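Visitor: Sequential numbering from 1 applies to the sequence shown in the working numbering.
Using N, Cα and C, we set each Cβ at its ideal position, and we do this for glycine too.
It should be emphasised that the depicted structure is a prediction, and the values quoted were computed from it without experimental measurement.
Have a look at the structure that comes next, please.
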Amino acid sequence: MPEGDTVWNTARVLQRALAGARLTGSDFRVPQLAATDLTGWTVRESASRGKHLLLRLTAPPDEGNGGRDWTLHSHLRMDGAWRAYAPGDRWAARPAHLIRVVLRSPGAVAVGYHLHELALIPTAEEESLVGHLGPDLLGPDWDPDEAVRRLAARPDETIGEALLDQRNLAGVGNLYKCEVLFLRGVSPWTPVRAVPDLAGTVGLAQRLLAANRGRWTQSTTGSLHRGQTSYVYGRRAQPCRRCGTAIRKEELGERVTYWCPACQPDR
Ligand SMILES: [Zn+2]
Numbered sequence: 001m002p003e004g005d006t007v008w009n010t011a012r013v014l015q016r017a018l019a020g021a022r023l024t025g026s027d028f029r030v031p032q033l034a035a036t037d038l039t040g041w042t043v044r045e046s047a048s049r050g051k052h053l054l055l056r057l058t059a060p061p062d063e064g065n066g067g068r069d070w071t072l073h074s075h076l077r078m079d080g081a082w083r084a085y086a087p088g089d090r091w092a093a094r095p096a097h098l099i100r101v102v103l104r105s106p107g108a109v110a111v112g113y114h115l116h117e118l119a120l121i122p123t124a125e126e127e128s129l130v131g132h133l134g135p136d137l138l139g140p141d142w143d144p145d146e147a148v149r150r151l152a153a154r155p156d157e158t159i160g161e162a163l164l165d166q167r168n169l170a171g172v173g174n175l176y177k178c179e180v181l182f183l184r185g186v187s188p189w190t191p192v193r194a195v196p197d198l199a200g201t202v203g204l205a206q207r208l209l210a211a212n213r214g215r216w217t218q219s220t221t222g223s224l225h226r227g228q229t230s231y232v233y234g235r236r237a238q239p240c241r242r243c244g245t246a247i248r249k250e251e252l253g254e255r256v257t258y259w260c261p262a263c264q265p266d267r
């Protein structure tokens, strides 16, 4: 599951590659957009909202219907990615059959691999796709009080599930969920109502994501050395960095939880 900082970084890659550019070609390889041609469209900006990517474009004047401001929405889910290549470069990041869209500009080619929820909608209707999201941890309008309010509104949910629920706050995936709860000494199965300091938990999540903006190695420990970047995530059966107890792992579908049973006792 991608985390908010990965999506934020991806939005920046697209911003640097395409912002201000007039597209010289497009190639959509998904049925719902197979007939779409963005040649001549201008890329206004690339933004992220939680785990959603919003590429905002302006249609040429003669395009008409729906106004001129459009948004190409995509979601990376577990396995999606955007890459920017220089014109003439080989597209080597992923196998070609995973390509869902290609956007060409004079200075760069953006290739979207295994993207989900690819849709072209009027920018004025963006809220229909992202309006349900809670405050974005990495957004310019980050609102910790609102995130706490939304979490507290469902007090019986486990904090592990609640942090992943993008309606509460947008951007936390399994990695940050596990790491935040370890650092707070809270078991993932604690009901939200029993979490001692929700504001502190939310604030820590925001700081951890923000610290990893601008790089692709995600660290919650402060170390960027391989094998030392997390306290519990990905460390099943390894000794807790604090107390030496074996880290545990439990899987529920896409929800993976790692925790230290000694540092994060069940209440
Ligand atoms: Zn421990």
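So, residue 93 versus residue 83, is the Cβ gap smaller than 8 Å?
Guide: The residue labelled residue 93 in the question sits at position 93 within the sequence shown. The residue labelled residue 83 in the question sits at position 83 within the sequence shown. In this structure, residue 83 lies closer than 8 Å to residue 93 by Cβ.
Visitor: Inspect the beta-carbon positions of residue 134 and residue 162 and report whether they are closer than 8 Å.
Guide: Indexing the sequence shown from 1 puts residue 134 at position 134. Indexing the sequence shown from 1 puts residue 162 at position 162. No. Outside cutoff.
Visitor: Looking only at its own chain, which residues have a Cβ that is under 6 Å from the Cβ of residue 30, when we skip the five neighbours before and after it?
Guide: Locating residue 30 in the sequence shown gives position 30, counting from the first residue. Cβ neighbours of residue 30 beyond the five flanking positions: 100, 118.
Visitor: With a threshold of 16 other CB atoms inside 10 Å of the CB of residue 197, please say whether the residue is buried or exposed.
Guide: In the sequence shown, counting from the first residue as 1, residue 197 sits at position 197. It is exposed - the Cβ of residue 197 has fewer than 16 other Cβ atoms within 10 Å.
Visitor: Tell me the DSSP secondary structure of residue 151 in three-state form.
Guide: In the sequence shown, the residue the question calls residue 151 occupies position 151. The answer is helix: DSSP assigns residue 151 an H, G or I state.
Visitor: Give every residue whose Cβ lies closer than 6 Å to any heavy atom of ligand 1, listed in chain order.
Guide: After applying the 6 Å Cβ criterion, the set is 240, 242, 243, 245, 260, 262, 263.
Visitor: Taking only the alpha-carbon atoms, compute the straight-line gap between residue 111 and residue 244 and give it to the nearest angstrom.
Guide: Reading the sequence shown from its first residue, position 111 is the one you call residue 111. Reading the sequence shown from its first residue, position 244 is the one you call residue 244. Rounded to whole angstroms, residue 111 to residue 244 spans 44 Å at the Cα level.
Visitor: Spatial neighbours of residue 176 within its chain, please: CB distance less than 7 Å, with the 5 preceding and 5 following residues excluded, ordered by chain position.
Guide: Working through the sequence shown from its first residue, we reach residue 176 at position 176. Cβ neighbours of residue 176 beyond the five flanking positions: 3, 205, 208, 209.
Visitor: Does residue 126 pass the burial test, meaning 16 or more other C-beta atoms within 10 Å, or should it be called exposed?
Guide: What you label residue 126 is simply residue 126 of the sequence shown in a count that begins at 1. By the neighbour-count rule (16 or more Cβ atoms within 10 Å), residue 126 is buried.
Visitor: With residue 159 as the anchor, note down where its alpha helix (DSSP H) starts and where it stops.
Guide: Looking up residue 159 in the sequence shown gives position 159. Unbroken alpha helix (DSSP H) run through residue 159: 159-164.
Visitor: With a threshold of 7 Å on Cβ separation, who are the neighbours of residue 86 within its own chain once the five nearest residues in sequence on each side are excluded?
Guide: Walking along the sequence shown from the start, residue 86 turns up at place 86. These residues qualify, in order along the chain: 108.
Visitor: Counting Cβ pairs, one atom from each stretch, are 3 or more of them under 8 Å apart for the region 32-41 and the region 12-19?
Guide: Flag = no, the region 32-41 and the region 12-19 do not touch.
Visitor: Rank 192, 114, 77, 263 by C-alpha distance to the C-alpha of residue 149 and give the top, closest one.
Guide: As a position in the sequence shown, residue 149 is number 149, starting the count at 1. Among 192, 114, 77, 263, the Cα nearest to that of residue 149 is on 192.
Visitor: Measuring only the C-alpha atoms, how far is residue 71 from residue 184?
Guide: As a working mapping, residue 71 is identified with position 71 in the sequence shown. As a working mapping, residue 184 is identified with position 184 in the sequence shown. Approximately 38 Å, taken between the alpha carbons.
Visitor: Would you check if the distance between the CB atom of residue 120 and the CB atom of residue 36 is smaller than 8 Å?
Guide: Stepping through the sequence shown from its first residue, residue 120 is reached at position 120. Stepping through the sequence shown from its first residue, residue 36 is reached at position 36. Result yes, Cβ atoms of residue 120 and residue 36 sit closer than 8 Å.
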